[in-house]
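Visitor: For the first sequence, the working numbering assigns the number 149 to the initial residue and increments by one for each residue that follows. Idealized CB from N, CA, C, for every residue including glycine. Remember, it's a predicted structure, so these values are computed and weren't measured experimentally. Before we start, here is the structure in question, set down as structure tokens.
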Amino acid sequence: MKLATWNVNSVRKRVGQVQSWLSREAPDVLILQELKCEARDFPELDFASLGYRAEILGQKAYNGVAVLSRLPFEVRARALPGLTPPPGAEAVDARYLEIALPQLVIGGLYAPNGNSGGIEGFRRKLSWLDALIARAKTLLAADIPLILAGDFNVCPDDDDLAPGALAPDDALVRPESRARFRTLLWLGLTDALRALTPEGPIYTFWDYQAGAFAADRGLRIDHVLLSPTLAERLVAAQVDRAARAAEQPSDHAPVVVTLD
DNA sequence: ATGTCTCTACTATAGAGA
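Pasting the structure below:
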């Protein structure tokens, strides 16, 4: 089974790139983040023509998660349990979409960045990650084979960002953010990229500004976490940097994981 | 710290978010 996660930074702007990527890589499942559109504006038919059924969790202008799959699946959740909407909003952000395939459950996610909205914005990021931890605990306690895949907006360790790429107090590297990522690992989840490449820089995101990609000044914030029985089947985990080198690319590259 | 990109809004530029 081949699974990928890709923050596309507007799916409408990137339809052509996602289509050609699907044709070339032929994953069984692709999780998309930052759709930046409502479900009705998602280009569903462009992916259906390639054999992928879409489940869409949309929101106007921001956020959004979708699952594209050529394997049959059913939806299990369209939000993390226990989260309350941000002040002034009527619904929680479109950030978590959970589906079940015959042998496993996949949580596709887009965690809050946490650098906007001051201390309150950062607190909401941490609360969101706490809700993700709680969800993972529930599923693991039920012995459900689980994949969490998406943009976690956390650089777990110092090899996961280029030197000087972020201020020490950036929400992506603050100790509180990293502690929550470690908690997910301590629950028994395996970081697929790091399981096969334990040391050295790996990046999945390069800022549009200041020639970051050309200088390879990136961050690793997109992750695929595997529960124990799935981790035993891990055979490959890679970042597709070629996608980031395209014309008018997303600022994120796909992370691709193969399970035996 | 921000040189870019994408979105939205009193359709055309500026603010927000990443």
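Please report the residue range of the alpha helix (DSSP H) in which arginine 392 lies.
Guide: Here the alpha helix (DSSP H) through arginine 392 covers 389 to 392.
Visitor: Is threonine 377 helix, strand or coil when you go by DSSP?
Guide: Three-state result, threonine 377: helix.
Visitor: Starting from glycine 255, follow the beta strand (DSSP E) in both directions and report where the run begins and ends.
Guide: Counting along the chain, the beta strand (DSSP E) containing glycine 255 begins and ends at 253 to 258.
Visitor: Over the uninterrupted beta strand (DSSP E) stretch that includes glutamate 238, give me the two end residues.
Guide: No beta strand (DSSP E) contains glutamate 238, which DSSP labels as neither H nor E.
Visitor: For a quick check, are the C-beta atoms of aspartate 317 and arginine 368 less than 9 Å apart?
Guide: Not in contact: aspartate 317 and arginine 368 (Cβ atoms no closer than 9 Å).
Visitor: If you compare alpha carbons, which of Ser197, Ser264, Asn155 is closest to alanine 214?
Guide: If we check each option's Cα against that of alanine 214, Asn155 comes out closest.
Visitor: State yes or no: is the C-beta of leucine 205 within less than 9 Å of the C-beta of valine 253?
Guide: Not closer than 9 Å, so no.
Visitor: Enumerate in chain order the residues of its own chain whose CB-to-CB distance from arginine 218 is below 7 Å, with the five nearest sequence positions on each side excluded.
Guide: Excluding residues within five positions, the ones whose Cβ falls inside 7 Å are Asp176, Gly199, Tyr200.
Visitor: How is lysine 285 classed by DSSP in three states: helix, strand or coil?
Guide: DSSP places lysine 285 in helix when its eight states are reduced to three.
Visitor: Please confirm whether valine 404 and alanine 385 have their CB atoms less than 9 Å apart.
Guide: In this structure, alanine 385 lies closer than 9 Å to valine 404 by Cβ.
Visitor: Whole angstroms is fine: what's the gap from leucine 344's alpha carbon to glutamine 181's?
Guide: In a straight line, the C-alpha of leucine 344 is about 24 Å away from that of glutamine 181.
Visitor: Three-state secondary structure (DSSP) at serine 217?
Guide: Residue state, collapsed to three classes: strand.
Visitor: Between the region 353 to 366 and the region 322 to 332, do at least 3 Cβ pairs fall closer than 8 Å?
Guide: These segments do not touch.
Visitor: Is it the case that the Cβ atoms of leucine 373 and leucine 320 are separated by a distance below 9 Å?
Guide: No; because the gap between Cβ atoms is not below 9 Å, this pair is not in contact.
Visitor: Between Gly212, His400, Leu178, Arg342, which has its C-alpha nearest tyrosine 258's C-alpha?
Guide: Among Gly212, His400, Leu178, Arg342, the Cα nearest to that of tyrosine 258 is on Gly212.
Visitor: Can you tell me whether threonine 352 is buried or exposed, with buried defined as 16 or more other CB within 10 angstroms of its CB?
Guide: Counting Cβ neighbours within 10 Å, threonine 352 comes out buried, since at least 16 surround it.
Visitor: How many whole angstroms separate the CB atoms of alanine 152 and proline 402, which I take to be in contact at a CB cut-off of 8 Å?
Guide: With a Cβ gap of about 5 Å, alanine 152 and proline 402 count as contacting.
Visitor: Given that a residue counts as buried once 16 or more other Cβ atoms are within 10 Å of its Cβ, and exposed if not, what is glutamine 207?
Guide: That one is buried.
Visitor: Cβ of isoleucine 350 within 9 Å of Cβ of glycine 256?
Guide: No, the Cβ-Cβ distance between isoleucine 350 and glycine 256 is not below 9 Å.
Visitor: Compare the beta carbon distance of tyrosine 244 and alanine 225 with 9 Å and say whether it is the shorter of the two.
Guide: Cβ distance < 9 Å, so tyrosine 244 and alanine 225 count as in contact.
Visitor: Starting from threonine 153, trace the beta strand (DSSP E) in both directions and tell me its first and last residue.
Guide: Threonine 153 -> beta strand (DSSP E) spans 150 to 155.
Visitor: Can you find the residues in the same chain that come closer than 6 Å, C-beta to C-beta, to leucine 341, ignoring five residues on each side of it along the sequence?
Guide: Around leucine 341: Ile350, Ala385.
Visitor: Kindly indicate which three-state DSSP category valine 405 falls into: helix, strand or coil?
Guide: It is a strand residue.
Visitor: Whose CA, out of Lys184, Ser171, Leu170, Gly262, lies closest to the CA of alanine 242?
Guide: The shortest Cα separation from alanine 242 among Lys184, Ser171, Leu170, Gly262 belongs to Lys184.
Visitor: Whole angstroms are fine: how far does the CA of alanine 174 sit from the CA of serine 409?
Guide: There is no way to answer for residue 409, as the model of the chain reaches only from 149 to 408.
Visitor: Does glutamate 268 pass the burial test, meaning 16 or more other C-beta atoms within 10 Å, or should it be called exposed?
Guide: Exposed, since its Cβ has fewer than 16 Cβ neighbours within 10 Å.
Visitor: Which residue from Val240, Asp194, Gln251, Ala239 puts its Cα closest to that of glutamate 222?
Guide: Answer by Cα proximity: Gln251.
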